[in-house]
Ligand SMILES: Nc1ncnc2c1ncn2[C@@H]1O[C@H](COP(=O)(O)OP(=O)(O)O)[C@@H](O)[C@H]1O
Ligand SMILES: [Mg+2]
């Protein structure tokens, strides 16, 4: 089967600094893949490479078997509709109200009557518990609420592939649980493929079919949540147990 996403010997340097070195990865349809690793190690850049936002400086990145390098114009626009993204920054349109933040992409991508656009937007806001705040501006929301709005936006287009960059950062444990349930339910309903970065190992164990660790610019396939516990690489053991003692020097 053609992987949904694939990297072949992909590297990226930014400002002459090597971030990602010769990574290989295949993600199949409907998989849930979680990326972990030290802060500043390149997790966000990796998601953006896979999403076609950054281009590799060497090697190739494929989506549904097509090289991102060859995808341009209208076709790129169409593909963008199939991708949902929740990144750490820049996900929201600050001058637009909460409901307009969700309605905007729906209006942009689908040719729907305005009532349906608004009904769909309200439905999404209800799912993330933000209906009461629909007329507020993003700056008037707490960090956790902004994140939930980001999720509603990311889900607005029923994406085939969804990228979450630390979706529960800044949420209390109950909000996190609510968020993760929403993410899982959506994934089941849409049969989408899920890629997530998290700095929380509990979240990784809960959400992942497979966990990858980004360390020393490389990607290690650490297997299932069960397998990672037994993984022989001391860097992985140090990281998942959150210890200062070991081969990884703290940043
Ligand atoms: N646009 C950019 N230009 C140059 N360097 C960047 C850029 N974005 C991130 N970096 C650097 O790339 C490295 C990896 O960043 P990032 O992917 O955000 O790490 P993580 O998400 O794992 O915390 C960091 O050293 C960061 O400073
Ligand atoms: Mg990051």
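In the numbering used here, the protein residues as written are 317 to 567.
By construction, the Cβ of each residue, glycine as well, lies at the ideal position given by its N, Cα and C atoms.
In this text the structure is predicted, and so the values were computed from the model without any measurement.
Remark: the shortest separation between the CB of residue 335 and any heavy atom of ligand 1 falls under 7 Å. For residue 396, no beta strand (DSSP E) encloses it; the enclosing alpha helix (DSSP H) starts and ends at 389-397. Per DSSP, the continuous beta strand (DSSP E) segment holding residue 352 begins and ends at 348-352.
Taking 7 Å as the cut-off, one finds no heavy atom of ligand 2 near enough to the beta carbon of residue 484. Residue 478 sits away from residue 558, with the two beta carbons spaced by 8 Å or more. A straight line joining the alpha-carbon of residue 533 with that of residue 427 spans about 43 Å. Between residue 417 and residue 469 the beta-carbon gap is near 6 Å, inside 8 Å, which marks them as a contact. Beyond the five residues adjoining it in sequence on each side, residue 481 comes within less than 7 Å, by CB distance, of 360, 363, 402, 403, 404 and 513 in the same chain, given in chain order. Two segments are said to touch when three or more pairs of C-beta atoms, one from each, lie closer than 8 Å; by this definition the region 535-550 does not touch the region 496-514. Per DSSP, residue 505 is one residue of the alpha helix (DSSP H) stretching across 489-506. Nearest C-alpha to residue 365 among 342, 346, 326 and 333: 326. Residue 484 counts as buried, since at least 16 other C-beta atoms from the protein chains shown sit within 10 angstroms of its C-beta. Nearest in C-alpha terms to residue 324, of all of 337, 330, 331 and 332, is 337. If you look at residue 439, you'll find it in the alpha helix (DSSP H) that goes 430-443.
In summary, residue 497 is exposed, with fewer than 16 beta-carbon neighbours lying within 10 Å of its beta-carbon over all protein chains present. For residue 414, the closest of 345, 442, 356 and 346 by C-alpha to C-alpha distance is 442. Listed as beta-bridge partners of residue 526 by DSSP are 349.
In this structure, DSSP gives residue 336 an extended state, which the three-state scheme calls strand. Residue pairing of residue 323 in beta bridges, as defined by DSSP: 341 and 377.
Less than 8 Å divides the Cβ of residue 555 from the Cβ of residue 352.
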